[in-house]
Amino acid sequence: MTDAATNPKMAPIPRWQIISLVIAGLQCLIWGVYIIVMPAAAAITYGLDRPPQEIFLWQGTGLVIFLFGVGYLIASTNPRHHWVAILTGLLAKVLGPVGIVWSVMKGQVPSTVLLLLPWNDVIWWLPFGLILFRIFQERTGNAVNSR
0 MTDAATNPKM APIPRWQIIS LVIAGLQCLI WGVYIIVMPA AAAITYGLDR
50 PPQEIFLWQG TGLVIFLFGV GYLIASTNPR HHWVAILTGL LAKVLGPVGI
100 VWSVMKGQVP STVLLLLPWN DVIWWLPFGL ILFRIFQERT GNAVNSR
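Counting from 0, one number per residue, gives the positions in the sequence shown under numbering that gives the first Met the number 0.
Set out below in structure tokens:
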């Protein structure tokens, strides 16, 4: 995949895309480390009365979140090239909350966990969606030079 450096007809990557991906990456790195290193405190933050009995599974969730952060930071270096990481992240940020809402509705987790969704997931729907939409436009020849 070429970018603006090798294809003069291609618009440079807007700065907001890079900043969004870096911030998302750092957020996931911090949140992931928090769950891995302080699983009991993280469980309370999530609104659970106590950490899950299988603490290694909870820490595994932290590892997955951490790895998403690594992916977003890599994607920030060239969103056009690493669009699959952004798409995967968007899917996780949409489907994760769906699963959490489902768990709340079934009474498996307290509703207080819903307070985290806007800050950890929903906030990224628009930037990730816009980045992917712009890449799709560029690939199909319908790009609008907007920053």
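By construction, the Cβ of each residue, glycine as well, lies at the ideal position given by its N, Cα and C atoms.
In the displayed model, P109 falls within coil according to three-state DSSP, outside both helix and strand. In the assembly as shown, P96 is a buried residue. Its beta-carbon has 16 or more other beta-carbons within 10 Å. In the structure shown, L56 adopts helical secondary structure according to DSSP, grouped into three states.
Around the Cβ of Q58, a 10 Å sphere holds 16 or more other Cβ atoms; the residue is buried. DSSP places N141 in the coil class of the three-state scheme, outside both helix and strand. Per DSSP, the continuous alpha helix (DSSP H) segment holding W82 begins and ends at 82-104. If you ignore the 5 residues before and after L72, its C-beta comes within less than 6 Å of the C-beta of G24, all in its own chain and listed in chain order. Take the alpha-carbon of A74 and the one of I22: they are about 12 Å apart.
If you ignore the 5 residues before and after L47, its C-beta comes within less than 8 Å of the C-beta of V108, P109, V112, all in its own chain and listed in chain order.
Counting only the Cα atoms, Q26 lies some 15 Å from T60.
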